[in-house]
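Engineer: Everything in the sequence shown is counted per the UniProt record's numbering, starting at 1 for the first residue and increasing by one.
From the three backbone atoms N, C-alpha and C, an ideal C-beta is built for every residue, glycine too.
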Amino acid sequence: MQSATGVSRIRPCDEENLDLQSPPKVESQKIDSDGRELNIVSWEGDDDPANPRNWPATVKWGNITIVSLVTIVTPLASSMFAPAVPQVMAQFHSNNEELASFVISVYVIGFALGPLVVAPLSELYGRLIIYHISNILFVAFTIGCALSSSIRMFTAFRLLSGCVGVTPMVLGGGSIADIIPAERRGTAMAIWGSGQLFGPVIGPIAGGYLNEAAGWRWIFWTLAIIGGVLTTLGILLLRETYAPVLLKRKAKKLRKHTGDPSFRLSIDEQVSPLAYFKNALIRPLRLLFTSRIVFFLSVDVSIAYGYLYLVFTTLTYTFEERYGFSSGVAGLTFLGIGTGMFIGLVTVSAYSDKTAQRKSISGDLQPEDRLTPLVPGAFLIPIGLFWYGWSVAAHIFWIVPLVGTAFFGAGLIATFVPVQMYLIDTFDRHAASALAALTILRSVTGATLPLAGQKLFNALGDGWGNSLLAFIALALTPIPFLFLRYGERLRSGISTS
């Protein structure tokens, strides 16, 4: 059936239409540990319609849209509940301030735990089944929050919701990379990545008004309804995009129909699923602590992400106390950050695609080209913090500090999106593990840093408190310059085995 000298190039999809009468093309050969010849299944040329990169644009953007919407909803749940914390604590007869902060941050702790399981499972079984299971569980755990009868029950469901809600944040970037070539994925990556930041911004605004109108339980019922709709759309429209899994399924189909055990995705396919899972399970943590690329970029993003949640926990209080805003109006102050994020999103996505397309024409596109927006982003964050902190301290007209938060928001996008694109371009098939490592560190920071926020500002005031944060951000400004200059050298020594 096959030549003794080649790689079998078989279409990985349309299994029902597999032509078993025609011998597969074989171009090269590999030998396993027992000396047996293997026929390695791969794409049927660069224009193979089964390759997700060659899907119609409508199918590609349908997948991207659903994943991006889910990536807004699950981070939305992290902060939408924040304005209703006093009502929840009162209903459960607790006045513990630390516990009140913990019921918010415990969700983000789930963001740190979930990637340890989600990333390896996706590399073993594909992205689609993990999306479906996580979406269904997110809806179920969110309903559990709405029906909770004690603070312990409520906290447990919040943690579980975070563990499964992190899935689109870990896998979304990889899904986009599966179907969009590097030179055209800037816009898609920016839209998907910004959802992780826009969600927490929109949350307090919607949650404040919903809590006033219908009570805190309806915040979770609303999230469950939205999550249920997106879960249904996902089941109907999402498709598997992870090439190794698609090819592995095709190889299995060929072995079954031909009786020839030599069809394989690779020699590595002979590793047992349990051994593969164990290796993939520790890969995110190994990348985080042994890869200088992942560690330093994760630190950079995590500080910015922690600042975002720290600002979230103090912004409403600041404008209520300093400017006399009502709780509903104070929620609208988050639009300052949102406006900056939108400007950053448009700018970063346009620049990234334009640069990537120009570089790809000349054949000189490098992952480091993604990191250029990090340079202005590194300075926009401290500028925004200085501006916001000292204008509030001086009681300047309320729109002035909001302009400062807009600079901060733009800096967040200019930091967050380029780093994710860089990790995806650098780690390729193990992009989910690299993003999982990033998500773990930033989630731990986002969950713990806000716990000290109010004490920080009580001790130092708004001016010097925000200035301290800005000085730390300034200390991180060399990172983008170092990666722009030495990134290629660092990538040369990468190992993800």
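If you compare alpha carbons, which of I109, I396, Q420 is closest to F295?
Structural biologist: Ranking I109, I396, Q420 by Cα distance to F295 puts Q420 first.
Engineer: Cα separation between A90 and W218?
Structural biologist: When rounded, the distance between both Cα atoms is 16 Å.
Engineer: Buried or exposed for F319, going by 16 or more other Cβ atoms inside 10 Å?
Structural biologist: Counting Cβ neighbours within 10 Å, F319 comes out buried, since at least 16 surround it.
Engineer: Looking only at its chain, what residues have a beta carbon closer than 8 Å to the beta carbon of residue 526, apart from the 5 residues adjacent to it on each side?
Structural biologist: As shown, the chain starts at 1 and ends at 497. That puts residue 526 outside it, with no answer to give.
Engineer: Could you tell me how far apart the beta carbons of W55 and I179 are, in whole angstroms, since I believe they sit closer than 8 Å?
Structural biologist: With 8 Å as the limit, W55 and I179 qualify as a contact, their Cβ atoms being about 6 Å apart.
Engineer: Consult DSSP for S492 and reduce its assignment to one of helix, strand or coil.
Structural biologist: S492: coil per DSSP, three-state reduction.
Engineer: Sort G234, G207, L238, V164 by Cα distance to A84 and report the nearest one.
Structural biologist: The shortest C-alpha separation from A84 is found at G207.
Engineer: What are the start and end residues of the alpha helix (DSSP H) that includes P401?
Structural biologist: P401 -> alpha helix (DSSP H) spans 399-427.
Engineer: Between the Cα of K354 and the Cα atoms of T439, Y323, R370, which residue gives the shortest distance?
Structural biologist: The option with the nearest alpha carbon to K354 is R370.
Engineer: Which runs of the alpha helix (DSSP H) spanning at least 4 residues fall entirely within the segment 93-150, listed in chain order?
Structural biologist: Correct list: 97-113, 115-125, 127-146.
Engineer: Who are the Cβ neighbours of S122 in its own chain at under 6 Å, not counting the five residues just before and after it?
Structural biologist: Taken in chain order, the residues that qualify are I130, L171, A432.
Engineer: Are the beta-carbon atoms belonging to residue 506 and A304 less than 7 Å from one another?
Structural biologist: What is shown of the chain runs 1 to 497, which leaves residue 506 out entirely.
Engineer: Distance check for L438 and F289, CA to CA, integer angstroms please.
Structural biologist: Cα to Cα, the separation comes out at about 11 Å.
Engineer: Note down the Cα distance separating L315 from K359, rounded to an integer number of angstroms.
Structural biologist: Going by the C-alpha atoms only, they are around 42 Å apart.
Engineer: Using 8 Å as the threshold, is the segment 211-227 in touch with the segment 109-121, meaning 3 or more CB pairs across them?
Structural biologist: The answer is no - the segment 109-121 does not touch the segment 211-227, with fewer than three Cβ pairs under 8 Å.
Engineer: Do you know offhand how far D46's Cα is from P450's?
Structural biologist: Cα to Cα, D46 sits roughly 49 Å from P450.
Engineer: Leaving aside the five residues before and after V201 along the sequence, list all residues of the same chain whose C-beta is less than 6 Å from its C-beta, in chain order.
Structural biologist: So the list reads F334, I337, G338, once near-sequence residues are dropped.
Engineer: Can you name, in chain order, every residue of its own chain whose Cβ lies under 6 Å from the Cβ of V70, other than the five neighbours on each side?
Structural biologist: Only P168, L230 meet the Cβ criterion.
Engineer: According to DSSP, is P450 part of a helix, a strand, or is it coil?
Structural biologist: Residue state, collapsed to three classes: helix.
Engineer: Please classify L233: does DSSP put it in a helix, a strand, or coil?
Structural biologist: Correct three-state label for L233: helix.
Engineer: So does the segment 464-481 actually touch the segment 372-391, counting three or more Cβ pairs closer than 8 Å?
Structural biologist: Yes, they touch.
Engineer: Around the Cβ of H395, are there at least 16 other Cβ atoms within 10 angstroms (buried) or fewer (exposed)?
Structural biologist: It is exposed - the Cβ of H395 has fewer than 16 other Cβ atoms within 10 Å.
Engineer: Is the Cβ-Cβ distance between L345 and I413 less than 7 Å?
Structural biologist: Against a cut-off of 7 Å, the Cβ pair of I413 and L345 comes out as a contact.
Engineer: How many Å lie between R429 and F81 at the Cα?
Structural biologist: If I take the Cα positions, the gap works out to 36 Å.
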